[in-house]
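In my numbering, the protein residues as written are 2 to 222.
Every residue gets a Cβ at the ideal spot worked out from N, C-alpha and C, and that includes glycine.
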Ligand code: DX5
Ligand code: ZN
């Protein structure tokens, strides 16, 4: 599968977001990864649907919205209408509400014509979301605990990536997007791709580089 790079704007200077998004597009980014944090599901607060709406007018790249929030169903309409191309929701945020909440949320996202995905934290078995694979356009495996950029990749996640790709193949979805988020660098990107991921989120590895184009190319190489 072709590798796609999704730079995370969490690592950007928020006062210059528009310019950064345009630079990322020229540098060869495939998606723009937008980390939405609510100060409750994770400690920090980042931004909401208004940011997605503003970025939407500046780039043709798909906007990959990663919701790290409680009660995600309450926000789907706003992010879909703001122009999100894909929205991912955390298994953990959904499971604590009800056993059917994740399934309902995925259906709600799709009802807006937006691609949907389920996310698992590093300490949650990927098997927990196997029952949702058929309903997902994308699976997002966290390779750090969510909340902050610049953390170190947790290597145990490699095995989960392999299991996720093997299961996707088993159920007849060999091309299912498997995205990995957290601590992706030019040093570990190849290993992560070989484990079966095809979308790599990269915050500090791209935004922290003096040459974003070279960084993106190197993550794909
Ligand atoms: C963490 C976010 C990540 C983060 C990745 O909660 O979901 O998307 O921005 O940043 P790096 O690539 O620096 O680990
Ligand atoms: Zn993210």
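Distance from the Cα of residue 166 is smallest, within the candidate group 105, 55 and 193, for 193. In the DSSP secondary-structure assignment, residue 9 is bridged to 34. Note on the stretch 75-134: whole beta strand (DSSP E) runs with a minimum of 3 residues are 87-91 and 116-121, in chain order.
In terms of side-chain proximity, the C-beta atom of residue 67 is found nearer than 6 Å to a non-hydrogen atom of the ligand ZN. For the stretch 146-179, the full-length alpha helix (DSSP H) segments reaching 4 residues or more read 158-171 along the chain. Assignment of residue 2 by DSSP, reduced to helix, strand and coil, places it in the coil class.
Within the DSSP bridge table, the entry for residue 139 names 118 and 178 as partners. When the alpha-carbon of residue 4 is set against those of 29, 170, 43 and 120, the nearest one is in 29. Relative to residue 49, the option among 61, 24, 10 and 21 whose CA is nearest is 10. Residue 173 is classed as exposed because its beta carbon has fewer than 16 other beta carbons within 10 Å across all chains shown. Judged by DSSP secondary structure, residue 25 falls within the alpha helix (DSSP H) whose first and last residues are 18-27.
Membership of residue 66 in any alpha helix (DSSP H) is not indicated; the residue belongs instead to the beta strand (DSSP E) covering 64-69. Within the same chain, and ignoring the five residues on either side of residue 2 in sequence, the residues whose Cβ sits closer than 6 Å to its Cβ are 199. Taking C-beta separations shorter than 7 Å and ignoring five residues to either side along the sequence, the partners of residue 175 in its chain run 169, following chain order.
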